[in-house]
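S.K.:
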Amino acid sequence: MTTVLANIGGRTLGIVAGMGAGVVFLGSALAWALRPPAKIRLIIQQIRAIGVDSLLVVLLAGLFTGMVLGLQGYYSLRKFNAESFLGAVVALSLLRELGPVLSAFMVTGRTGSAMAAELASMRVTEQIDAMHAMAINPVKYLVSPRIVAGVIAMPLLTCMFNVIGIYGAYVVGVGLLDLGSGSYVSGMEQSVQLRDVVEGLIKSATFGLIISSVCCYKGFHALPMATGVGKATTEAVVLSFVLILVSDYFLTSVML
Amino acid sequence: MIEVIDVHKNFDHQEVLKGTNLTVEDGGITTIIGGSGSGKTVLLKTMIALLLPDSGQVLVDGTDITGLGQKPLNEIREKFGFLFQGAALLDSMTIFDNVAFPLRERTRLGEEAINGKVLERLDQVGLKDMGYKYPAEVSGGMKKRAGFARALVTDPEIVLFDEPTTGLDPLLGKSIHRLIADMQRRLGFTGVIVSHDIPEVFTISHRVAMLADGVIADHGPTEEFLESPNPAVRQFLKGESSDVA
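Chains as they are written, first to last, in the numbering used here: chain A, 1 to 256; chain B, 257 to 501.
#1: Listed in chain order, which residues of the stretch 361–391 of chain B have Cβ atoms closer than 8 Å to some Cβ of chain A?
#2: Just reading off the alpha helix (DSSP H) that V242 (chain A) is part of, what are its end residues?
#3: Along chain A, which residues have their Cβ under 7 Å away from the Cβ of A488 (chain B)?
#4: Between G342 (chain B) and chain A, is the shortest Cβ-Cβ distance under 8 Å, so that the two count as touching?
#5: Counting only the same chain and skipping the five closest in sequence on each side, list residues whose C-beta sits under 6 Å from that of G423 (chain B).
#6: Out of B:H452, B:V394 and B:P358, point me to the one whose CA is closest to D508 (chain B)'s CA.
#7: Would you kindly work out how many angstroms separate the C-alpha atoms of I285 (chain B) and G9 (chain A), rounded to a whole number?
#8: Label F492 (chain B) either buried or exposed according to how many other C-beta atoms from any shown protein chain fall within 10 Å of its C-beta, with 16 as the threshold for buried.
#9: Following the continuous alpha helix (DSSP H) through I164 (chain A), name the residue where it begins and the one where it ends.
#10: Let me make sure I understand the geometry here. Which of A:N162, A:V214, A:G175 and A:G182 has the alpha-carbon closest to that of G20 (chain A)?
#11: With a threshold of 8 Å between beta carbons, is I454 (chain B) in contact with chain A?
#12: For T111 (chain A) and L55 (chain A), what's the separation of their Cα atoms in angstroms?
#13: Buried or exposed: Q193 (chain A), going by 16 or more other Cβ atoms within 10 Å of its Cβ?
#14: Would a check of beta-carbon distances place I351 (chain B) closer than 8 Å to chain A?
#15: Hey, how far is the Cα of P420 (chain B) from the Cα of F404 (chain B)?
#16: So, does the CB of I258 (chain B) fall closer than 8 Å to a CB anywhere in chain A?
#17: Whole angstroms are fine: how far does the CA of A17 (chain A) sit from the CA of T2 (chain A)?
#18: Out of curiosity, what's the CA-to-CA distance linking I332 (chain B) and R96 (chain A)?
#19: Out of B:G290, B:L408 and B:E271, state which residue places its alpha-carbon closest to the alpha-carbon of A465 (chain B).
#20: For the stretch 301–385 of chain B, which segments carrying the beta strand (DSSP E) assignment without a break, of at least 3 residues, lie completely within its bounds, in sequence order?
#21: How many angstroms separate the CA atom of H433 (chain B) from the CA atom of K400 (chain B)?
#22: With DSSP as the reference, label M466 (chain B) as helix, strand or coil.
#23: Tell me, which residues are paired with I261 (chain B) by DSSP?
#24: Compute the distance between the beta-carbons of A33 (chain A) and A116 (chain A), then report whether it is under 8 Å.
#25: From the DSSP secondary-structure annotation, give me the bridge partner or partners of P477 (chain B).
#26: Could you tell me which of B:D379, B:S461 and B:L383 sits nearest to F417 (chain B), measuring between CA atoms?
Structure below.
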């Protein structure tokens, strides 16, 4: 019994210590990001890496999510003779919820994992130690630009996801089913407010912060051994998914 | 001068350094030898605070680096160059950019001055025409040379070498040793080498220290060390020599 309690206590302490270390790491990265000279070139490189690497999967996911929403929404709304609300339903679902969350999942899988693996590999091959030895701060050079880039690139990708998702639902609703084009667009115009768009983008910027900081943290603190890269990458992806969903609930409850 | 004073270091309750004491005099090359897992690399990394001891002091020119904040520690680290066992080149950069990296990040030198300095160092290590290649595109020996050029590009007072010939064939190993000795003579830095490459490494060492069971078993000028009556040293040298032969 004592051993069980000790194990539970030990694990809890480990989790709390890990959370504390993560917050300190994020604070340090943000503080370094604000200290001149700004690493503009590195930030742009990272925005390009996150944006370009994830663009195709984000567009594909957005298109098919929109098409499924169009299909499901049309038949569900038809039961209540409310097909004309399809545009509104699709747009609000995508802008407020599905766009930020699903594009964050795509970016985690595509770019977040690569980010964690790259930093973990640098840890294993002593490249991070080499930076310390050269009196160059690896957090400022490697982590801060990735976190800033994540916060900037994520809302941009979410916008792409939303646009192509709305178009996908339009193709299904108007092109394949019997819904009128004017009905789809006017329903959207009447129900979507600027606030919906802004709140969705705030969510996606927060998810960008979560993905980049979690993946950088896990990669940066990988165990310096052969299995360290795989373990860090898996942990980074799983933790990012969980934190995206948890923070989504709290952000939604605050913003509603 | 580097003074390691009564340094203890544990990993997962295993004590690697057990009160190690060592003084690295300015100038010349000091080589640290010892069996596998004896803590040579740990000792080397404590000299630049890449690993912090659990207790004890590491003085660099009289300053204890074990409790320093980031800024003063970086000021001390600017005195050092470090050649890692696998060279630790940044694989996202070309060899030229790797060598230029500390100059671009740490100094206010213009690109022209940086180019001149980098090309000089690449020329000295025999890689003048290889700067455009990425680390993944060159051999192990070239990586070590590039790592050496990067370690030297800031004109450090002290250069630390972690197993500089590991993974290289004997001829390449000899050429790296010759390069280290040649550059030390030309630039006058203090070299500290951790090596398994016995007896080759003795040809370029001015002083030798042997780490055994977590402490320095014996140390002194190379000629005296090789005649050491210390049983641990005799046994190690005999064993290693017969292996090499």
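Think of the CB as a built atom: it goes at the ideal place given N, C-alpha and C, for glycine as much as any other residue.
M.R.: Reading from the atomic positions:
#1: E361 and R362
#2: G228 to M255
#3: Here the premise fails: no neighbours, minimum Cβ distance about 29 Å.
#4: yes
#5: The answer, listed in chain order, is G396.
#6: The question about residue 508 (chain B) has no answer, for chain B in this structure spans 257 to 501.
#7: 50 Å
#8: Label assigned to F492 (chain B): buried.
#9: S144 to Y170
#10: A:V214
#11: no
#12: 10 Å
#13: exposed
#14: no
#15: 9 Å
#16: Not a single C-beta of chain A is nearer than 8 Å to the C-beta of I258 (chain B).
#17: In this structure, the straight-line span from the alpha carbon of T2 (chain A) to that of A17 (chain A) is close to 22 Å.
#18: 52 Å
#19: Closest by alpha carbon: B:G290.
#20: 311–316 and 336–339
#21: H433 (chain B) and K400 (chain B): Cα-Cα distance of roughly 11 Å.
#22: strand
#23: B:Q313
#24: no
#25: B:R463
#26: B:S461
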